[in-house]
Amino acid sequence: MKDIQTFERCLKDFEYFKDFQGFLDPRDNGQKRRIPLKRKLVRFNPLNDLNENQFRIKYRFSKESLRRIIEIVRDDLEIEYYEPLKREQVPIDLQILSAIRLWGGTEHPKLTAMAHGVSLRTLAKITRRVASVLASKASRYIRMPATLSEKERIMCSFQAIANMPQVIGALLQTTVRFLPENSGSYLSEDDPDGESTYPAQSNEELHLQIVCDAAHKIRDLDIRLIDEHSMASDAEMFALSKIRDRFEQNEFRGRILLGSEIVRCSSSLYTPVRFPRNQSEELYNHAHSTTYASARKCLSLLMSRFGVLGTEILGSQSSAKQTITALSILHNMAMEWADPSIDSELHVSPYKSTFFNAMTNVSKSGEDNNRKQFIKTHFASQ
Numbered sequence: 001m002k003d004i005q006t007f008e009r010c011l012k013d014f015e016y017f018k019d020f021q022g023f024l025d026p027r028d029n030g031q032k033r034r035i036p037l038k039r040k041l042v043r044f045n046p047l048n049d050l051n052e053n054q055f056r057i058k059y060r061f062s063k064e065s066l067r068r069i070i071e072i073v074r075d076d077l078e079i080e081y082y083e084p085l086k087r088e089q090v091p092i093d094l095q096i097l098s099a100i101r102l103w104g105g106t107e108h109p110k111l112t113a114m115a116h117g118v119s120l121r122t123l124a125k126i127t128r129r130v131a132s133v134l135a136s137k138a139s140r141y142i143r144m145p146a147t148l149s150e151k152e153r154i155m156c157s158f159q160a161i162a163n164m165p166q167v168i169g170a171l172l173q174t175t176v177r178f179l180p181e182n183s184g185s186y187l188s189e190d191d192p193d194g195e196s197t198y199p200a201q202s203n204e205e206l207h208l209q210i211v212c213d214a215a216h217k218i219r220d221l222d223i224r225l226i227d228e229h230s231m232a233s234d235a236e237m238f239a240l241s242k243i244r245d246r247f248e249q250n251e252f253r254g255r256i257l258l259g260s261e262i263v264r265c266s267s268s269l270y271t272p273v274r275f276p277r278n279q280s281e282e283l284y285n286h287a288h289s290t291t292y293a294s295a296r297k298c299l300s301l302l303m304s305r306f307g308v309l310g311t312e313i314l315g316s317q318s319s320a321k322q323t324i325t326a327l328s329i330l331h332n333m334a335m336e337w338a339d340p341s342i343d344s345e346l347h348v349s350p351y352k353s354t355f356f357n358a359m360t361n362v363s364k365s366g367e368d369n370n371r372k373q374f375i376k377t378h379f380a381s382q
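The opening residue of the sequence shown carries number 1 in UniProt numbering; numbering runs sequentially from there.
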């Protein structure tokens with residue numbers, strides 16, 4: 001008898017629960033309207049929900065490499081940007097994944113935001129945070145060789161390419177556009193959720209100077225704003241850089257950088273001979289172009305992995321610099337780990353000679369003599 005009473009009470013409890021789920025609405029003609037129970041938000045997890053090939057296409061890294069990046073950055077994000085946990089807060093690992101996918105430039109930013117369940121405005125905040133944390137690690141991941149053994153190792157790797165001695169780095173320059181926040185806001189003020197995009201009204205450019213090694217890792221990075229009113233040549237940009245001062249102070253005594261023809265030849269930066277007059281200069285030019293291809297390949301790999309560098313970076317000048325630094329660090333991680341997501345054998349066409357601008361690229365006689373002596377010592381005709 002007690003069991004029957006207990007069963008009846010259970011049935012009444014179920015009826016009470018059903019009554020709690022629904023109620024009578026007079027606008028529904030006496031019909032019962034069901035109130036759907038709020039479900040817990042299940043976020044997209046690309047590490048679990050995408051296969052390896054799909055993941056590499058979207059995130060420009062293998063899953064193993066992305067997991068390593070997440071572990072390197074996670075603690076700094078949690079410490080630097082800690083806030084009391086809020087309902088449906090974007091997890092740290094998903095913040096890192098969404099930022100890297102946006103930088104990959106494989107799709108419209110709105111699609112990237114939708115794929116990770118955030119608004120464009122939230123995605124913009126996330127990318128700035130991730131870039132800032134990554135950029136803070138620049139001294140660890142972007143640095144010229146300091147010890148004698150490091151210098152010798154890099155020199156040997158360059159010499160193994162085309163028998164060009166004494167080379168410790170290859171220098172390459174390009175520009176990257178960015179959209180300042182105060183010039184045609186990317187996100188409308190009338191759209192607080194950041195669901196609409198507006199074309200840029202104006203943008204500015206940053207001059208990017210890279211020094212890389214033979215393994216296509218970035219060893220030095222110099223980023224400067226290009227002033228429209230005082231446009232400086234690439235040679236003048238090099239003269240302003242810290243790496244040039246370090247060579248002038250004999251930090252890398254007896255070692256040289258390789259540069260393209262658009263940069264002025266100097267005692268520390270050797271460029272191709274514009275009009276080779278003998279076999280020695282032709283041999284030098286051939287060795288120079290083959291060795292210098294490392295720099296062009298480095299830039300090609302960087303641009304292939306992070307398409308945003310070929311379009312424009314959204315944010316202030318400071319934010320754009322942090323983003324470029326962060327992408328250079330990610331590039332070095334990919335090179336160090338031999339990440340297979342971007343073809344490491346990406347074809348780079350042979351170096352092609354271009355004419356100097358006679359007004360800005362005239363070498364000093366003393367600097368020319370340094371190169372002449374170098375050619376005579378190492379490339380004299382047999």
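Cβ coordinates follow ideal geometry from the N, Cα and C atoms, glycine included. Source: prediction; values computed, not measured.
Start and end of the beta strand (DSSP E) containing residue i?
i: F158; result: It is not in any beta strand (DSSP E) - F158 instead sits in the alpha helix (DSSP H) that spans L148 to A162.
i: E204; result: E204 to C212
i: L225; result: I218 to L225
i: L258; result: I256 to L258
Beta-carbon within less than 6 Å of residue i's beta-carbon, same chain only, minus the 5 sequence neighbours each way: which residues are those?
i: M359; result: Low per-residue confidence applies at M359: pLDDT is 35, beneath 50, and the placement is therefore not dependable, though the value from the model is reported in the following sentence. If we look at M359 and ignore the five residues flanking it on each side, it has no Cβ neighbours.
i: F238; result: R244 and V263
i: R39; result: Caution is warranted here: a pLDDT of 49 is assigned to R39, below 50, making its placement in the model unreliable, and the coordinate value is therefore given only provisionally. Closer than 6 Å at the Cβ level, and outside the excluded window around R39, lies no residue.
i: Q166; result: R255 and I256
i: P26; result: Here the model assigns P26 a pLDDT of 47, short of 50, so the residue's position is not dependable, and the following value carries that caveat. Nothing listed; no residue qualifies.
i: P276; result: E282 and N285
i: V348; result: Interpretation of V348 is limited by its pLDDT of 47, a score under 50 that renders its predicted location unreliable; the figure taken from the coordinates is listed afterwards. Excluding positions up to five away in sequence, the list reads A293, R296, K297 and S300.
i: R224; result: H207
i: P199; result: Low confidence applies here, because P199 scores a pLDDT of 48, under 50, leaving its location unreliable; read the following figure in that light. Around P199: no qualifying Cβ.
i: T112; result: R101 and L102
i: A135; result: Q322, T325 and A326
Please list, in chain order, all residues of the same chain as residue i whose beta carbon is under 7 Å from its beta carbon, the five residues on each side excluded.
i: residue 395; result: Since the displayed the chain opens at 1 and closes at 382, residue 395 lies outside it and no answer follows.
i: R371; result: C265 and Y270
i: S241; result: Q209 and D222
i: T127; result: A99 and L102
i: R56; result: S62 and S341
i: A138; result: T325 and I329
i: D368; result: C265
i: I70; result: D93 and I96
i: A115; result: F44
i: T290; result: I161 and A162
i: E64; result: none
Between which two residues does the alpha helix (DSSP H) carrying residue i extend?
i: I168; result: Unbroken run through I168 is the beta strand (DSSP E), V167 to L179; no alpha helix (DSSP H).
i: D245; result: K242 to E248
i: V90; result: V90 -> no alpha helix (DSSP H), and no H or E assigned at all.
i: I57; result: E52 to Y59
i: M114; result: P109 to A115
i: T311; result: Note, T311: premise wrong, no alpha helix (DSSP H); not H, not E.
i: I329; result: Q317 to E336
i: residue 448; result: Residue 448 falls outside the range modelled here, since the chain spans only 1 to 382, and no answer is possible.
i: R140; result: A138 to Y141
i: R296; result: Q279 to R305
i: T127; result: L120 to A135
Tell whether a beta-carbon distance below 8 Å holds between residue i and residue j.
i: D213; j: S157; result: yes
i: G218; j: N332; result: Before going on, a small fix: residue 218 reads as Ile here, not Gly. It is a contact, given that the beta carbons lie within the stated cut-off.
i: M335; j: A162; result: no
i: L283; j: F379; result: yes
i: L172; j: S260; result: yes
i: F178; j: G315; result: yes
i: Q317; j: P180; result: yes
i: K58; j: L50; result: yes
i: M155; j: H288; result: no
i: E248; j: I226; result: no
i: V176; j: I313; result: yes
Leaving out the 5 sequence neighbours to the left and right, which residues in its chain are closer than 8 Å to residue i when beta-carbon positions are compared?
i: R74; result: I92, D93 and I96
i: F306; result: R60, W103, G104, G105, L327, L330 and H331
i: K376; result: S280
i: F252; result: M144, K151, I168, R246 and S268
i: V273; result: E281, Y284, N285, R371 and I375
Would the beta-carbon of residue i be found less than 7 Å away from any heavy atom of the ligand GTP?
i: S241; result: The ligand GTP is absent from the structure shown, which contains no ligands of any kind.
Does the contact criterion of 3 or more C-beta pairs under 8 Å hold for the region 91 to 108 versus the region 139 to 147? Contact between the region 91 to 108 and the region 139 to 147 is not established, with fewer than three Cβ pairs separated by less than 8 Å.
Three CB pairs or more closer than 8 Å across the region 125 to 133 and the region 321 to 333: Taking a contact to require three or more Cβ pairs closer than 8 Å, the region 125 to 133 and the region 321 to 333 qualify as touching.
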